[in-house]
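Below you'll find the structure, written out as structure tokens, and then a few comments.
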Amino acid sequence: MRVLLIGSGGREHALALGLTADPAVQLVAAPGNPGIAEVAELRDVVATDPAAVAALAVEVGADLVVVGPEAPLVAGVADAVRAKGIACFGPSGAAAQLEGSKAFAKDVMTSAGVPTARAYACTIEAEVDQALDEFGAPYVVKNDGLAAGKGVVVTEDRAAAVAHARDCGRVVIEEFLSGPEVSLFVVTDGTAAVPLMPAQDFKRVGDGDAGPNTGGMGAYAPLPWAPADLVDRVMAETVHPTLAEMRRRGTPFAGLLYVGLALTPNGPKVIEFNARFGDPETQVVLALLETPLAGLLRAAATGELAAHPPLRWRPGAAVTVVVASHNYPGTPRTGDVITGAEAPGVIHAGTVRRPDGVLVSAGGRVLSVTATGPDLAGAREAAYALVEGITLDGSHHRTDIALRAAQGQITVP
Ligand code: AMP
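Laid out in structure tokens, this is it:
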């Protein structure tokens with residue numbers, strides 16, 4: 002099976018490793034990165050240009066196109082690929098609005114009766130003030146459009162909440178949800194839906210969840226503290242009603258539905274939907290998935306998911322630790338030399354090879370260092386041992402990924 006993978010980050014490197022674990026897969030990636038280059042042929046493409054991606058899929062003779070990031074999906078890349086008669090894993094541009102617009106996602110959730118935070122879409126300052134008054138602190142203010150995981154401000158500071166609303170123009174202001182967060186990935190063909198293993202990511206930059214939000218500083222799976230019925234409950238209360246509502250609207254959602262949840266005292270509630278695999282949770286979930294990934298994604302892309310055999314998982318646990326550039330999540334410094342990135346488990350997120358062949362940093366999140374172990378403590382130890390083997394001037398990483406879970410300190414209200 003010839004697979005074309007679109008994207009260039011850590012999620013795509015993890016997908017590339019998952020796809021090529023199957024000897025039947027020949028992988029082409031565009032634009033890819035130096036880590037992906039070890040397992041795939043790289044081609045150049047503007048990932049957000051639907052016609053260019055579709056033409057490349059035809060040129061390389063792809064049997065399946067897998068779209069990693071959200072921006073190409075929202076731009077309609079999956080529609081353009083399918084119009085060429087090629088199977089594509091990823092929702093249509095219309096369905097990707099579940100991620101592309103927070104206001105659209107809220108509207109779908111309300112119609113479908115999905116448990117989520119109460120919210121208002123606001124554009125003018127009077128609406129913003131009224132919503133902030135109604136919900137009180139902590140304030141949750143979300144940019145309506147795509148913001149690469151950084152459009153959300155959660156703050157006790159009213160002035161900061163108002164300022165973020167003003168900077169964004171159109172925002173969704175919502176009730177604060179308390180409780181541990183869970184990321185659940187669901188593979189779907191629009192009707193049948195297969196949940197993957199729930200994971201937890203770490204959005205804040207610093208240990209103990211200090212500092213600003215980032216794209217994600219680490220992740221782990223499985224979640225030993227999660228209620229036994231969590232996945233069944235979320236599939237019944239959230240996933241199937243959402244898929245049904247999307248079908249009812251004539252824009253079925255097929256691809257990867259990422260459900261970001263808070264486990265509140267009143268049950269699991271949706272914090273956000275994304276239309277693609279999460280980064281860095283993909284790194285840990287795929288490290289534990291034994292079922293061949295390409296077959297699963299192709300079944301979803303061709304509407305045959307109901308006939309797919311049940312998923313098989315490896316025993317044990319996985320942890321990924323993101324190594325970030327100097328100054329991230331502010332404007333990151335790039336061009337720093339990286340050593341130690343060849344070790345198995347080191348996933349490339351923001352790297353580039355200089356003309357002289359030296360590997361250097363090229364973004365905020367540079368590497369996503371992933372390891373498995375018999376349990377979370379063992380996986381943590383292995384991941385941090387790998388981090389020790391890396392040098393990158395000015396870099397930083399969290400030291401507490403999966404720590405509280407490994408110590409049994411997380412409780413569900
Ligand atoms: P999002 O981009 O919507 O996932 O938001 C980023 C992060 O902000 C989430 O992972 C949460 O930690 C936090 N957040 C978003 N919405 C809420 C909410 N309603 N209540 C509490 N925290 C939230």
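Just so you know, we're using the working numbering here: the sequence shown kicks off at 2 and counts up by one.
Glycine is no exception: its CB is placed at the ideal position from the N, C-alpha and C atoms.
Whole-angstrom distance between residue j and residue i, CA atom to CA atom
| i | j | result |
| --- | --- | --- |
| residue 258 | residue 95 | 14 Å |
| residue 332 | residue 255 | 35 Å |
| residue 396 | residue 130 | 39 Å |
| residue 283 | residue 16 | 8 Å |
| residue 132 | residue 67 | 39 Å |
| residue 239 | residue 191 | 14 Å |
| residue 205 | residue 211 | 6 Å |
| residue 44 | residue 29 | 7 Å |
| residue 49 | residue 266 | 40 Å |
| residue 312 | residue 291 | 8 Å |
| residue 51 | residue 76 | 7 Å |
| residue 269 | residue 228 | 10 Å |
| residue 252 | residue 260 | 18 Å |
| residue 127 | residue 113 | 29 Å |
| residue 370 | residue 404 | 16 Å |
| residue 389 | residue 335 | 20 Å |
| residue 385 | residue 220 | 13 Å |
| residue 300 | residue 379 | 34 Å |
| residue 38 | residue 10 | 12 Å |
| residue 134 | residue 363 | 42 Å |
When the options are compared against residue i, the one with the closest alpha-carbon
| i | options | result |
| --- | --- | --- |
| residue 209 | 13, 65 and 410 | 410 |
| residue 1 | 67, 273 and 174 | Since the first residue shown for the chain is 2 and the last is 414, residue 1 is missing from the structure and cannot be characterised. |
| residue 218 | 323, 189 and 118 | 323 |
| residue 92 | 107, 85, 82 and 74 | 74 |
| residue 407 | 178, 374 and 24 | 374 |
| residue 222 | 344, 338, 250 and 186 | 186 |
| residue 137 | 113, 286 and 174 | 174 |
| residue 310 | 180, 193, 391 and 181 | 193 |
| residue 12 | 399, 321 and 357 | 321 |
| residue 285 | 264, 381 and 127 | 381 |
| residue 225 | 412, 293 and 36 | 412 |
| residue 341 | 394, 296, 305 and 19 | 394 |
| residue 25 | 295, 301, 156 and 90 | 295 |
| residue 264 | 207, 196 and 177 | 177 |
Residue range of the alpha helix (DSSP H) that includes residue i
| i | result |
| --- | --- |
| residue 112 | 103 to 113 |
| residue 75 | 71 to 76 |
| residue 51 | 51 to 60 |
Beta-bridge pairing of residue i - partner residues as DSSP gives them
| i | result |
| --- | --- |
| residue 140 | 156 |
| residue 177 | Bridge partners of residue 177: none, in fact. |
| residue 169 | Answer is none; residue 169 lacks a bridge partner. |
| residue 65 | 4 and 88 |
| residue 340 | 392 |
Residue i, enclosing beta strand (DSSP E) - first and last residue
| i | result |
| --- | --- |
| residue 324 | 318 to 325 |
| residue 407 | Residue 407 -> not in any beta strand (DSSP E); alpha helix (DSSP H) instead, spanning 404 to 407. |
| residue 6 | 3 to 8 |
| residue 196 | 194 to 196 |
| residue 147 | Here residue 147 belongs to no beta strand (DSSP E), and DSSP marks it neither H nor E. |
| residue 122 | 120 to 123 |
**Asked** Curious, which full-length beta strand (DSSP E) runs of at least 3 residues does the stretch 199 to 234 contain?
**Response** The beta strand (DSSP E) runs lying completely inside the stretch 199 to 234 and spanning 3 residues or more are 205 to 207, 211 to 214 and 219 to 222, given in chain order.
**Request:** Jot down the residue ranges of each uninterrupted beta strand (DSSP E) in the stretch 343 to 392, minimum 3 residues, whole runs only, in chain order.
**Result:** Qualifying beta strand (DSSP E) stretches, in chain order: 347 to 349, 352 to 354, 360 to 362 and 366 to 374.
**Item:** Ranges of the alpha helix (DSSP H) found wholly within the stretch 236 to 314, counting only runs of at least 4
**Value:** DSSP runs (the alpha helix (DSSP H)) wholly in the stretch 236 to 314: 241 to 249, 282 to 289 and 294 to 302.
**Request:** Only counting runs of 3 or more residues, tell me where the beta strand (DSSP E) segments fall wholly within the stretch 16 to 55, in order along the chain.
**Result:** Entirely contained in the stretch 16 to 55, the beta strand (DSSP E) runs reaching 3 residues are, in chain order, 27 to 32.
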